[in-house]
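First up is the structure itself, then whatever we jot down about it.
There are 2 protein chains.
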Amino acid sequence: LDYQHVQVPFEITLWIMLASLAKIGFHLYNKLPSVVPESCLLIFVGLIMGGIIYGLNDKSPPVMDSDIFFLYLLPPIVLDAGYFMPSRPFFENIGTILLYAVVGTIWNVFGIGFSLYGICQVKSFHLQDVSLLHNLLFGSLIAAVDPVAVLAVFEEIHVNEKLHILVFGESLLNDAVTVVLYKLFRSFCEMPTIKSVDVFAGFGKFFVVGLGGVLVGLSFGMTAAFTTRFTKDIRVIEPLFVFLYSYLSYLTAEMFHLSGIVAIIACAMGMKRYVEANISLKSHTTVKYFMKMWSSVSDTLIFIFLGVSTIGENHEWNWPYICFTVIFCLIWRALGVLVLTFFVNKFHVNTITCKDQFIIAYGGLRGAICFSLVFLLPDFRRKKLFIAATTVVILFTVFIQGMTIRPLVDLLAVKRKRESAPTVGEQIHIRFLDHLLAGIEDISGHWGQYYWKDKLEYFNSKYLQKILLREYDQPKSSIVLLYEKLERKHAIELAEAGQLGHAPSHPSLLCSGFLCSNNDRTVVMDKKLEDTLNPDVLENIQEILARNLYRIRRTGPAYNRHTLPGETEPVERAKEILILRHKSL
Amino acid sequence: LDYQHVQVPFEITLWIMLASLAKIGFHLYNKLPSVVPESCLLIFVGLIMGGIIYGLNDKSPPVMDSDIFFLYLLPPIVLDAGYFMPSRPFFENIGTILLYAVVGTIWNVFGIGFSLYGICQVKSFHLQDVSLLHNLLFGSLIAAVDPVAVLAVFEEIHVNEKLHILVFGESLLNDAVTVVLYKLFRSFCEMPTIKSVDVFAGFGKFFVVGLGGVLVGLSFGMTAAFTTRFTKDIRVIEPLFVFLYSYLSYLTAEMFHLSGIVAIIACAMGMKRYVEANISLKSHTTVKYFMKMWSSVSDTLIFIFLGVSTIGENHEWNWPYICFTVIFCLIWRALGVLVLTFFVNKFHVNTITCKDQFIIAYGGLRGAICFSLVFLLPDFRRKKLFIAATTVVILFTVFIQGMTIRPLVDLLAVKRKRESAPTVGEQIHIRFLDHLLAGIEDISGHWGQYYWKDKLEYFNSKYLQKILLREYDQPKSSIVLLYEKLERKHAIELAEAGQLGHAPSHPSLLCSGFLCSNNDRTVVMDKKLEDTLNPDVLENIQEILARNLYRIRRTGPAYNRHTLPGETEPVERAKEILILRHKSL
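Chains A and B are the protein sequences, given in the same order.
Residue numbers for the first sequence follow this note's numbering, beginning at 14 and rising by one.
Residue numbers for the second sequence follow this note's numbering, beginning at 14 and rising by one.
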């Protein structure tokens, strides 16, 4: 037996296997996941395993290595989140998200830090040796909402899109703030004296870390898109580039002390539309599937390790400090959301309701990022107290808040995610309004988001697409694309059947007798309506429409880490229309 | 800048990126890969890079770590090979393959070992300190044909299926022999005296190592199939199990000193049909695509590293030893193939031609396995000589033989792989003959391969499928499956269009007027032919058939590491038929 030789890969594989089997186990017993979030179950499995290891070896089980977490487990989850990010709601609410992520996080850090320092001054708590800087350092790691925990809970409760993106976007973008504040306070702790210059330099770093991350991410994303221009002959390695470039962007950002999370999100969002246009359909399926699979496994491993690492002798228990940490986390977050939303609502027509504010405050879950950061702290006397407090806050938020948020959402009747896809009419109106608003903004000289979106779209179609896409002269609308495809197919069919001579050559003539797909059918209907408004005819038309109208599927699928969006791909869509057409012949 | 922190994943990602970009580069310039095999180009890139590293640092570039090779780079390639192994030709020629792999390899090991020992006795060569055992040890590592190198060359020259499987199968299965002999001679080298018991025990180990590998592989494969029964609710992690279980089978086999390659092949071949039936179509695409991608990258990395590792100061040059190694490798392989094929041809009706024998002997390429094994040798005085000889043999076989084999195949007019798919008629005949031969073997009491295949199939459908498949009552034939699907679809269409009341209810009645797909059309045609044999009608039928006949695609796709088989999936196939049907309306 030669275990030493294969130990590393063997144990990694076994851990992944355990995680996957645990996942299967939960889903076999159907009722469990509908009551308890999967993250809680996984932590629970981890706790049991940690207990077993502790019982058998009589020493603390291995703690999740922070390097492993930040270098290997976190990137797949963030990549998946960035790649499947619904870009429209994200960019529509980018201002609010940034306010929550930057101002809100800073508010929480200082709020929690200062009030804990206040608690430390109470003599009977025996905490006088915890300095203000240490409290602020602790505040900087405990304040940030965790994207992994938020995702795990929010994807199961299906709140409305805006609410979801507000919490989720904040949890992703606050990474830049967390990185800066955490490193700032850490270096302050080691400095003999702190000058006011250092403090200002620290605040200036926000922009460097955040914008630097975006720049690194975008440049890698554009390179990835450019690379996939040339993969036509070797389709098999196409999916690789999506993963390689995203990972490189993350690592590069980390290397330069920028925000890796922001970088990988910018990379994924930047490359997505170009890569999708360049790679084959099967490569795309593989990319999507593998991203889902990878993030799902990472997520499972993180929660299991979180459970395992909780057991052991790393903790120093101090009731007041731990209890007040939990209380301050809740209070300062609630206050922050209230105050910030007050200002946001002043400037927006579409306000954030009180219920939504409550869910935003209540959904501020903490997770593995805090946990990894607290272990990364330099050794000092009270590190074990900080570890204990962090563990309690994580378990409290994931278990208590995570398990009660679903009943609360039900109870408050928070607006849910719309289940049905938007109709063609809605989609057309939305696009029309976008153009209209861009025009109004241009004329009025108010350069708002629609103006910039329009400019970006122009820049994209004028320059970027020509450089990054293999075939850049595609029609933009998927409806037009589909229609053209069907017309081509129809022409080929007619030609093969030898009927082309008799068939009308102009496409619009093909529409007679409801022969063509519903895109044209509306046109035909309009004509018919002009000709005759006989109620019998109308009823007939309505009946045919009800039977034949093809549903345009949701184009921006909602985010869910465990399942691929149930979108119909162009091929299937074409087939479906073909069947309907065939029927009406 | 914090490079230390991200160094490991960053450098790995960069190497993979380099490999992938090199691949894109070759394919951009179309003519290159059609003359020079990709493996040669990659080694060449590696040589250049090694030269650059050597020139800049003035020290030897890093050598490919044997652990990395055996634990991380080799498994994906072998898994891919096993998963896409065409099982019919493999099992039809299993006897011949095993003869080549076991007896042929032993023959080569001892032939090369003893004759090199003879060369060492010549005083003027200054090689008298190389003992017989060391020569045999060297023989054991240099004798084995390398699957990675064979695949890289043979998938580009498209020889006939039997020839391909003979060389490829041998290269895979000789791993068991190599493992045993290499470890045997290594331990003999360290023993003070060798007893004859040890020698016999060594030969007994062949069976343990080979059959043990098969057992380990099959048990993991069956477990994998069983696990995928329960993944219906979490489709996303389905592909993971295929990779995890295969890798575990490899690692477990390596841990017990069994043949990891044999184990992973047994695992992949064993699980394939059950896993494919259990997992979703998209999961399956992902599995196939990712396997291809992974093996393609591994393969690229191996050849690049091979090139990089060649440069440096690891070599001790001794003209006679190195030249005679190359010569003996060629001679003993040619002799072995000739002698073994003589016996094989005596017992087979379908003999191996002289041309095929030449290609089998000439296709005996050596590769990264020898290279890794020679670096794993314990340190002794002449290790550097062995490294030099191995490098030369690898470069000679990959460059000279690899580049000339394609022109030679053209020159000798070796029977090529059949390009067209077998017709329905052929497929039916093959299956019919299988059953017939199984029956004849049963009656005559000769328990040959057909008898055992039939028994295995019975065991499979009676027990294994019930345990391992989620829905085990599927019809076996894909034609039947497709037909049922189309009929269901047609019924739904008719029902939706409100025509079901008027339509004939029995499926065969639907066939009137060439309305249905070609499966029925043949039936209809037969009926029509009975009714009338008027030449005009016949011509008409033939024309319609030529236009409409749907080609049943190749069911057992040929092996190719770089591309996925261009099979049409059921959905697409259904669509194609639907179009044809629609046309004939």
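All C-beta atoms in this analysis are idealised placements derived from N, C-alpha and C, irrespective of residue type, glycine included.
Predicted model only: the values in this text are computed from it and were never measured.
Item: Quick check: is the beta carbon of I66 of chain A nearer than 8 Å to any beta carbon in chain B?; Value: no
Item: Using a Cβ-Cβ distance under 8 Å, would S309 of chain B count as near chain A?; Value: yes
Item: Within the continuous alpha helix (DSSP H) that includes K359 of chain A, where are the two ends?; Value: W332 to F360
Item: Please check if any C-beta of chain B sits within less than 8 Å of the C-beta of T403 of chain A.; Value: no
Item: In the DSSP output, what is V172 of chain B paired with across the bridge?; Value: B:R429
Item: What is the DSSP secondary structure of T191 of chain B, reduced to helix, strand or coil?; Value: helix
Item: Let me see if you follow: with CB-CB separation under 8 Å, is V249 of chain A close to chain B or not?; Value: yes
Item: Taking all protein chains shown into account, decide if Y130 of chain B is buried (16 or more other Cβ within 10 angstroms of its Cβ) or exposed.; Value: buried
Item: Helix, strand or coil: which one does DSSP assign to D246 of chain B?; Value: coil
Item: If you measure between the beta carbons of F399 of chain B and F151 of chain B, is that distance less than 8 Å?; Value: yes
Item: Between G117 of chain A and G349 of chain A, which are expected to be in contact by the criterion C-beta below 8 Å, what is the C-beta distance as a whole number of angstroms?; Value: 5 Å
Item: Can you tell me where the alpha helix (DSSP H) with D467 of chain A in it begins and where it stops?; Value: Q462 to F472
Item: Inspect the CB distances between the segment 173-186 of chain A and the segment 146-161 of chain A and report whether three or more fall short of 8 Å.; Value: yes
Item: How long is the line joining the alpha carbons of G380 of chain A and V387 of chain A, rounded to whole angstroms?; Value: 11 Å
Item: Check each candidate in A:E169, A:Y263 and A:I278 and name the one with the smallest Cα separation from L84 of chain A.; Value: A:Y263
Item: Which residue comes first and which comes last in the alpha helix (DSSP H) that contains F138 of chain B?; Value: Note, F138 of chain B: premise wrong, no alpha helix (DSSP H); not H, not E.
Item: Among residues of its own chain, excluding the 5 on either side of R419 of chain A, which ones have a beta-carbon nearer than 6 Å to its beta-carbon?; Value: I170
Item: How would you label A281 of chain B, buried or exposed, when you count the other beta carbons within 10 angstroms and need 16 or more for buried?; Value: buried
Item: Please report how far the alpha carbon of W460 of chain A lies from the alpha carbon of H448 of chain A, in whole angstroms.; Value: 14 Å
Item: Which of the residues in the segment 28-45 of chain A, read from start to end, lie with their CB under 7 Å from any CB of chain B?; Value: I29, M30, S33, K36, I37, H40 and L41
Item: Between the segment 73-82 of chain A and the segment 349-365 of chain A, can you find at least three pairs of beta-carbon atoms closer than 8 Å?; Value: no
Item: With H, G and I counted as helix, E and B as strand and the rest as coil, what does DSSP make of D78 of chain A?; Value: coil
Item: Alpha carbon to alpha carbon, how far is C367 of chain A from G377 of chain A? Give it in angstroms, no decimals.; Value: 16 Å
Item: Quick check: L14 of chain B and A94 of chain B, are their CB atoms within less than 8 Å of each other?; Value: no
Item: Does any CB atom of chain A fall closer than 8 Å to the CB of P391 of chain B?; Value: no
Item: What three-state label does DSSP hand P205 of chain A in the structure shown?; Value: coil
Item: In three-state DSSP terms, what is F123 of chain B?; Value: helix
Item: From V321 of chain A to M77 of chain A, what distance separates their C-alpha atoms?; Value: 8 Å
Item: Please list, in chain order, the chain A residues whose beta carbon lies closer than 8 Å to that of P22 of chain B.; Value: L84, Y85, Y260 and L264
Item: Is the CB of F303 of chain B under 8 Å away from at least one CB in chain A?; Value: yes
Item: Pick out whichever of A:L86, A:L41, A:D80 and A:G64 has its Cα sitting closest to the Cα of F316 of chain A.; Value: A:L86
Item: Is DSSP giving P391 of chain B helix, strand or coil here?; Value: coil
Item: Along chain B, in chain order, which residues have C-beta atoms closer than 7 Å to that of T298 of chain A?; Value: K295, T298 and T299
Item: Can you tell me whether H270 of chain A is helix, strand or coil according to DSSP?; Value: coil
Item: Does the beta carbon of H459 of chain B come closer than 8 Å to any beta carbon on chain A?; Value: no
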